[in-house]
Amino acid sequence: MPVAAARPIVLRAAERERLKKMAYGHKSEYRLRMRAQVVLHAARGRSNARIARETGLHLDTVRCWRGRFAEHGLGGLSDRERSGRPPSFTALQVAQVKALACRLPAESGVPLARWSCPELAREVVARAIAGSVSASTVRRWLADDALKPWQHRSWIFITDPDFRVKAERVLGLYARIWQGIELGDDEYVISADEKTSIQARCRCHPTLAPGQARAMRVNHTYGRGGALAYLAAYDVHAAKVFGRTGPRTGIDPFMNLVAQVMSIEPYASAKRVFWIVDNGSSHRGQKAADRLTAAFPNAVMVYTPVHASWLNQVEIYFSVVQRKVVSPNDFTDLTEVGKRLRAFEDRYNATAQPFQWKFTTSDLDDLLARLDRHTTDHQAGSSAEPAT
257 MPVAAARPIV LRAAERERLK KMAYGHKSEY RLRMRAQVVL HAARGRSNAR
307 IARETGLHLD TVRCWRGRFA EHGLGGLSDR ERSGRPPSFT ALQVAQVKAL
357 ACRLPAESGV PLARWSCPEL AREVVARAIA GSVSASTVRR WLADDALKPW
407 QHRSWIFITD PDFRVKAERV LGLYARIWQG IELGDDEYVI SADEKTSIQA
457 RCRCHPTLAP GQARAMRVNH TYGRGGALAY LAAYDVHAAK VFGRTGPRTG
507 IDPFMNLVAQ VMSIEPYASA KRVFWIVDNG SSHRGQKAAD RLTAAFPNAV
557 MVYTPVHASW LNQVEIYFSV VQRKVVSPND FTDLTEVGKR LRAFEDRYNA
607 TAQPFQWKFT TSDLDDLLAR LDRHTTDHQA GSSAEPAT
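Those letters in the sequence shown? Residues 257 to 644, by my numbering.
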């Protein structure tokens, strides 16, 4: 039986460049690399038998890919769709599993706080959605729609009617603006708050330093040595911290912190010193603001909105303290806790730079607009639900 003549291959410049990248590129798949080499050899006028010898491929394989390229060009070098094994689950079953994952377990009568893939697989079988299904299959289905029912995020609705006004004041001060006027060189912004209940936990066995291929080891059992409060005032633009410790928080400890800062320069002779605080009991309401002004006439108290302590930059400093000083907690007594905190203040003040605060009033407007849309959609959805 006569053998069919080899198909002639003529390449355009763009095709030749693309095939060279496929044939000799380090990241090309092996199968695509060999197919591209077959076509390049064929474009040089070589026979199929010679190409098979030089590439180590079967003659029929060379003939196949040479013909595919002659008919379909570069697209012909890709694999064709294959029927494969018939699916074990219907599209309806997959949709039912995803719908189940999008409901709270309590709504389905399952005593769980949140779904996991093994629990979903078990519930799918219990509901007779499928005779059997593995957790990995469920995980693959959920990944198609980026569903992760085992994760959760918390939120809180805005309850402060003056949220935007208060937040705008704080953000303006971070940008050195107050009531539309830029702050002068003799005006300062202080962010202050309290970190309560820093415990002195004395480990029953000494902490082991890290070593090669070994993390630091901290004994799990400990003895309690009491707890203290850490009050801090952070100069937003100078990146300087003033702190003090005490057995508890309250009006007097907070005013002692204020006196500690306001009694030294440049704050004592400043035109104005703005104190940004949250709505904690130590400095809440107009009485606290009047008390501050009576003690220090150049001090102005500015409140963050209710449930918006994240707007207070000193909270960032407290997170640094938690990660670098407090955790893991291993102190012999409260005296050591206080010494460690004061030593860290000196270390921090020696090298600190102001925080790169990027949340602006424009971001605030976008946030409020998203919350308004969420609230409107939630109310519309609730009103659309049929009465039971």
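Glycine included, each C-beta is placed from N, C-alpha and C at the ideal position.
Checklist line | Nearest neighbour of Glu443, chosen from Lys451, Glu337, Trp434 [CA to CA] | finding: Trp434
Next item on the list: Report the residue from Trp411, Arg425, Val353 whose alpha carbon sits nearest the alpha carbon of Arg215.
Entry: Residue 215 cannot be examined here, being either before or after the span of the chain that is shown, 257 to 644.
Item checked: Identity of the residue in Val295, Tyr280, Met290 nearest Arg268 by Cα -> Val295
Note to self: With DSSP as the reference, identify every bridge partner of Met518, one or two as the case may be.
What the structure shows: Beta-bridge pairing links Met518 to no other residue.
Notebook entry, point to check: Grouping DSSP H, G and I as helix and E and B as strand, with all else coil, what is Gln455?
Noted result: strand
Item checked: Pairwise C-alpha distance: Val380 and Met257 -> Here the model assigns Met257 a pLDDT of 48, short of 50, so the residue's position is not dependable, and the following value carries that caveat. About 59 Å.
Next item on the list: Measure the alpha-carbon distance for Ile437 versus Cys460 and round it to whole angstroms.
Entry: 57 Å
Check: Going by the CB atoms, is the gap between Phe611 and Ala495 shorter than 9 Å?
Finding: Using a Cβ distance threshold of 9 Å, Ala495 and Phe611 count as a contacting pair.
Checklist line | Gly332 in three-state terms, based on DSSP | finding: helix
Margin query: For the structure I just gave you, are there three or more beta carbon pairs, one from the stretch 574-582 and one from the stretch 614-626, closer than 8 Å?
Written below: no
Next item on the list: Go ahead and pull the three-state DSSP assignment for Gly661.
Entry: Outside the displayed span of the chain (257 to 644) sits residue 661, for which this structure offers no information.
Next item on the list: Name the two residues that bound the continuous beta strand (DSSP E) containing Gly502.
Entry: First-last of the beta strand (DSSP E) with Gly502: 496-502.
Check: Should Gln407 go down as buried or exposed, given a rule of 16 or more other Cβ atoms within 10 Å for buried?
Finding: Its Cβ having fewer than 16 others within 10 Å, Gln407 is exposed.
Check: Should the stretch 482-499 be regarded as contacting the stretch 451-466, the criterion being three or more beta carbon pairs within less than 8 Å?
Finding: yes
Notebook entry, point to check: Three-state secondary structure (DSSP) at Asp508?
Noted result: helix
Checklist line | Where Leu487 sits in the DSSP three-state scheme | finding: strand
Next item on the list: Could you tell me whether the stretch 463-480 touches the stretch 515-534, where touching means 3 or more Cβ pairs closer than 8 Å?
Entry: no
Notebook entry, point to check: So, is Met278 buried or exposed, given that buried needs 16 or more other C-beta atoms within 10 angstroms?
Noted result: buried
Note to self: Residues in the same chain with beta-carbon distance under 7 Å from Ala545, minus the five sequence neighbours each way, listed in chain order, please.
What the structure shows: Hits under 7 Å: Met557.
Next item on the list: Determine which residues share a DSSP beta bridge with Glu438 and list them.
Entry: Ile433
Margin query: Going by DSSP, what residue range makes up the alpha helix (DSSP H) through Arg272?
Written below: 269-280
Check: Under 9 Å between the Cβ atoms of Arg322 and Ile265?
Finding: yes
Check: Bridge partners of Ser447, per DSSP?
Finding: Tyr490, Ile532
Next item on the list: Can you give me the start and stop residues for the beta strand (DSSP E) that Val556 sits inside?
Entry: Note, Val556: beta strand (DSSP E), 555-559.
Next item on the list: Could you say which of Gly482, Ala399, Ala262 lies nearest to Phe587 if we only look at CA atoms?
Entry: Gly482
Notebook entry, point to check: Can you tell me whether Gly331 is buried or exposed, with buried defined as 16 or more other CB within 10 angstroms of its CB?
Noted result: exposed
Item checked: Candidates His630, Val577, Gly329: closest to Arg272 by CA position -> Gly329
Margin query: Three or more C-beta pairs under 8 Å: does that hold for the stretch 308-323 against the stretch 355-375?
Written below: Verdict: no, contact absent.
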